[in-house]
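Worksheet: one structure, shown below.
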Amino acid sequence: MHRREFMGVCAGAAVTAAAGRAPATAATLPRNAATENEGVPFSFTVMLWTVYRDLPFPQRLEKVAEAGYHAVELVGEFKDWKPPDFAEARRKKHELGMEFDGTCGVWLPLADAAKREAFLKALRDFIPTMRELDCTRLIMQTGDKIPGLSPEQMHANCIETLKRGADIAAENKIELLIENIDPEENPKYFLTSSAEGFDIVRSAGNPHVKFLYDLFHEQIAEGNLIEKLEKNIDLVGLIHVADVPGRHHPGTGEINYANIYRKLAELRYSRYVAMEFHPLGDPVKELRDARELAISSARSARMARSFESGRNYEST
């Protein structure tokens, strides 16, 4: 099942209310990045829809923790949960020292001004569920192209909707993340270009709005991954990782992830890198290998900086 198909299944899910819980608090930095990742500035998470879909939710968390991760991202795993289910999920994640660092859950499009008020209502209605999850980052899609509207109109609609949504996000101490999807996976989707996505986020002009830079989708759509990181690192709220073709683990395709991780370390990116790939074999092993590649690559960049600093000092 592709994520887009899974999103369609979850789009009509009912929202579970949680009025009594304290507001979530958005964290700019991952909890234990500097210690658990051996000095690497960013931390790691797993998009949970990609692994162990046949296991009960608590066991899925255990498998991710076994691979060395302390965070997961959700799509709609909680759509049928009742309050006791949320409580058990919180208990389990605390037991494992884990976070729910991001979730989907608001499915109305950003590009359609006619649905703006409905989007804003859905956003407000979903915040209690985010509190139940102890989650502060909401992953959203711009939606498909709107018949009769020009690309410029849809672009402007996304900006205005995000400006309005950012006010709600700020009040509730959460972040809104918009995502690019390549036209091969969904030819109807509006935001296929990360360059345009960065422009929309920049124009929204609110620190509670960031861009989810999906490297898999961007490689298919346009490529030139590293230069866009260099130009827009301040706008990146989350990075999604999978190789091209096939959406498998780094090293199986054409993306040089070692270089990307080195660049992230050089830029001192301090948020999450999410593994969102289809394992070809043992998911725990492949997740562990993917994390180790990222750490070793980022550490090599740090060591190179230290060596260069030493040389510059000796030459003075």
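If you use my numbering, the sequence shown corresponds to residues 42 to 357, in order. Don't be surprised by glycine CBs; every beta carbon is placed ideally from N, CA and C. Given the structure is predicted, the values throughout are model-derived calculations rather than measurements.
At the level of alpha carbons, what is the spacing between residue i and residue j?
i, j, result
"G80", "R157", "43 Å"
"E129", "L89", "17 Å"
"G292", "D284", "7 Å"
"L161", "A342", "42 Å"
"E220", "P125", "31 Å"
"T144", "M171", "8 Å"
"P228", "P169", "33 Å"
"D208", "D166", "15 Å"
"H249", "K123", "29 Å"
"R94", "N198", "36 Å"
"D121", "E307", "42 Å"
"M139", "E114", "11 Å"
"L334", "S191", "42 Å"
"I280", "G238", "13 Å"
"F185", "L321", "Note on identity: in this sequence residue 185 is Asp, with Phe being the wrong assignment. In a straight line, the C-alpha of D185 is about 31 Å away from that of L321."
"L270", "L305", "8 Å"
"L328", "E317", "10 Å"
"L96", "L102", "10 Å"
"G278", "Y298", "18 Å"
"G367", "E212", "Absent from the model: residue 367. The displayed extent of the chain is 42 to 357, so no value can be given."
"D323", "Q100", "15 Å"
"A112", "Q182", "22 Å"
"E268", "Y254", "13 Å"
"I222", "D240", "16 Å"
"K272", "D330", "29 Å"
"G264", "E226", "15 Å"
"Y230", "G189", "15 Å"
"R312", "G146", "21 Å"
To the nearest whole angstrom, what separates the beta carbons of residue i and residue j, a pair I think is in contact under 8 Å?
i, j, result
"P262", "R303", "According to the sequence displayed, residue 262 carries Ala and not Pro. Contact flag wrong, Cβ pair sits at about 23 Å."
"L217", "L179", "5 Å"
"V282", "A236", "Not quite, the Cβ-Cβ distance comes to about 19 Å (not below 8 Å), so this is no contact."
"V87", "V105", "5 Å"
Taking 8 Å as the limit between beta carbons, can you name the residues of its chain near residue i, skipping five residues before and five after?
i, result
"L266", "L256, E259, Q260, I296 and I301"
"E107", "V325"
"R309", "P82"
"H319", "T91, A283, G287, R288 and H289"
"V242", "L203, I219, V250, K251, F252 and L276"
Please list, in chain order, all residues of the same chain as residue i whose beta carbon is under 6 Å from its beta carbon, the five residues on each side excluded.
i, result
"S244", "I200"
"L149", "K156, A159, F160 and A163"
"F85", "Y110, V314 and R332"
"P224", "T233"
"S337", "none"
"N247", "A207"
"A210", "L217 and H249"
Looking only at its chain, what residues have a beta carbon closer than 7 Å to the beta carbon of residue i, apart from the 5 residues adjacent to it on each side?
i, result
"I187", "A152, D153 and M195"
"F98", "E118 and A130"
"I274", "L308 and Y310"
"F141", "V113, L115, K134, L174, D175 and C176"
Can residue i be considered in contact with the ligand MG, in the sense that its beta carbon sits closer than 8 Å to one or more heavy atoms?
i, result
"D208", "Within the structure as shown, the ligand MG is missing, as the structure has no ligands at all."
Worksheet item: Do the region 117-137 and the region 203-218 meet, that is, are 3 or more Cβ pairs less than 8 Å apart?
Response: Cβ pair count under 8 Å is below three, so no.
Discussion item. Extract the residue ranges of the alpha helix (DSSP H) inside the region 264-304, only unbroken runs of 4 or more that lie entirely within it.
Written reply: If only uninterrupted alpha helix (DSSP H) runs of at least 4 residues are considered, those enclosed by the region 264-304 are 266-273.
Worksheet item: Along the chain, which unbroken stretches of the alpha helix (DSSP H) at least 4 residues long are found entirely within the region 81-134?
Response: Taken in chain order, the complete alpha helix (DSSP H) segments of 4 residues or longer contained in the region 81-134 are 98-107.
Item to complete: Enumerate, from N- to C-terminal direction, the unbroken beta strand (DSSP E) stretches of 3 or more residues contained entirely within the region 186-236.
Response: Taking 3 residues as the shortest admissible run, the region 186-236 contains the following complete beta strand (DSSP E) segments, listed from N- to C-terminal end: 216-220.
Worksheet item: In chain order, which beta strand (DSSP E) runs of at least 3 residues are fully inside the region 307-346?
Response: Runs found: 313-316.
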